[in-house]
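This is the structure:
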């Protein structure tokens, strides 16, 4: 167990955190809102933003994803199922399960929590 007297909280406006382009995606950016750099030992909280005609191709990840949609709409394929999601929807994507995103209404933004473990993305198909 971590000694709470040595831990430090991090509080900052999300607008100050740089967006990073997601190379595997189309018109897709990501912010790491909270992660190891802020001292979070177990999980990272990320925000994704996908623009007009944006998305992510069918791919797998080595870590699970827990997601909450903030704005916009998208068609998401998870395994053999296709879902249309919008603000207020939640998703759980197990590690290794193929999934993709296709923006229907931009901007499509969601929060994504992942374990602080090495992740490997494997793109299974090109295009969104």
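In my numbering, the protein residues as written are 826 to 953.
Where is the CB? At the ideal position from N, CA and C, for every residue including glycine.
All of these numbers come straight from a predicted model, not from anything done at the bench.
Host beta strand (DSSP E) of residue i (start-end)
i	result
residue 939	924 to 940
residue 911	906 to 911
residue 884	868 to 886
residue 858	851 to 859
residue 899	890 to 903
Whether residue i touches residue j by CB criterion (9 Å)
i	j	result
residue 887	residue 865	no
residue 917	residue 890	yes
residue 923	residue 894	no
residue 898	residue 929	yes
residue 854	residue 837	no
Cα-Cα separation, residue i to residue j
i	j	result
residue 942	residue 877	31 Å
residue 832	residue 862	13 Å
residue 931	residue 834	33 Å
residue 913	residue 939	19 Å
residue 947	residue 840	30 Å
residue 933	residue 843	18 Å
residue 857	residue 935	12 Å
residue 892	residue 937	4 Å
residue 945	residue 915	23 Å
Chain-order list of residues whose beta-carbon lies under 6 Å from that of residue i (same chain, five-residue window excluded)
i	result
residue 901	908, 910 and 926
residue 859	865 and 870
residue 845	855
### Query
Looking at C-beta atoms only, is the number of pairs between the segment 878 to 887 and the segment 856 to 870 that lie closer than 8 Å three or more?
no
Point to revise | the segment 841 to 858 in contact with the segment 898 to 912 per 3-pair CB rule at 8 Å | key: no
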